[in-house]
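Chemist: First the structure, which I've put down as structure tokens, then a few questions once you've had a look.
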Amino acid sequence: MTDDSDSPMTDTENTTTGPLAPEDITADSAFTLPGFFDALSEGRLLAARCTECDTHMLPPRPACYGCGSRAVTLSEQPRTGEVISYTSVNRPPSAFEHLAPITVAVVELDSSARLTGRVAAPLDDVSIGDRVELRVRDPETVDIDPDFDLSYEEEWPIHVFELM
Ligand SMILES: [Zn+2]
């Protein structure tokens, strides 16, 4: 059993062992985006890791996009990592349009899983190698326009990286 009160710094906390069968992938499984976002809204950032070649998949996928194996495990990820690439997006999705230009980065988490997301800082303040921490916010507390959300996205939490 897992203990949600801990904030793990490694991704050794495996919650599922593969190989997965199609019946394992239910609509609320963390291997689907709704299941992934459900876990994220509860404060758990989940990735899948291939037990054959060690590729991380974030959000989790039921099969490895490195080697095709379905022997994947779910593991909770650390919230901290390092910017490995970043750019400015001048025409973001409509819900974020009034925030443009936004900074988007590829972050390598301390587990070595990679996650792309918005950085809450202007482009000029961000550098490769910067330490960042993931924040998860309720969409209602974020300054975005809900009219532009797709219906199934309305309750998904918003993730953003903040410079440490
Ligand atoms: Zn693999």
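Basically this note's numbering = 1-based index in the sequence shown + 1292.
For glycine and all other residues, C-beta sits at the position ideal for the given N, C-alpha and C.
Since the structure is predicted, the reported quantities are computational estimates derived from the model, not experimental observations.
#1: By DSSP, does Gly1409 sit in helix, in strand, or in coil?
#2: Could you check where the beta strand (DSSP E) with Gly1373 kicks off and where it finishes?
#3: Alpha carbon to alpha carbon, what distance is there between Arg1427 and His1451?
#4: Once you ignore the five residues that flank Asp1430 on each side, which residues in its own chain have a CB closer than 8 Å to its CB?
#5: Please state the DSSP three-state secondary structure of Leu1391.
#6: Is Arg1406 near Val1399, with beta carbons less than 8 Å apart?
#7: Taking the alpha-carbon positions, what's the Val1375 to Ile1317 distance?
#8: Could you check where the beta strand (DSSP E) with Ala1339 kicks off and where it finishes?
#9: Check Leu1325 in the structure and name its three-state DSSP category.
Modeler: With the given structure in hand:
#1: In the sequence shown, counting from the first residue as 1, residue 1409 sits at position 117. Reduced to three states, the DSSP call for Gly1409 is strand.
#2: As a position in the sequence shown, residue 1373 is number 81, starting the count at 1. Counting along the chain, the beta strand (DSSP E) containing Gly1373 begins and ends at Thr1372 to Val1381.
#3: Within the sequence shown, residue 1451 is the residue found at index 159, counting from 1. Within the sequence shown, residue 1427 is the residue found at index 135, counting from 1. Taking the straight line from one Cα to the other gives about 6 Å.
#4: Counting from 1 along the sequence shown, the entry for residue 1430 is found at position 138. So the list reads Ser1333, Pro1449 and Ile1450, once near-sequence residues are dropped.
#5: Counting from one through the sequence shown, the residue named residue 1391 turns up at place 99. If DSSP states are grouped into helix, strand and coil, Leu1391 belongs with the helices.
#6: Along the sequence shown, read from residue 1 onward, the residue named residue 1406 stands at position 114. Along the sequence shown, read from residue 1 onward, the residue named residue 1399 stands at position 107. Yes, they are a contact pair.
#7: Here residue 1375 refers to the residue found at position 83 when the sequence shown is read from its first residue. Here residue 1317 refers to the residue found at position 25 when the sequence shown is read from its first residue. Their backbone Cα atoms lie some 32 Å apart in a straight line.
#8: The residue given as residue 1339 occupies position 47 in the sequence shown. First-last of the beta strand (DSSP E) with Ala1339: Leu1338 to Cys1342.
#9: The residue labelled residue 1325 in the question sits at position 33 within the sequence shown. In this structure, Leu1325 counts as helix in the three-state DSSP scheme.
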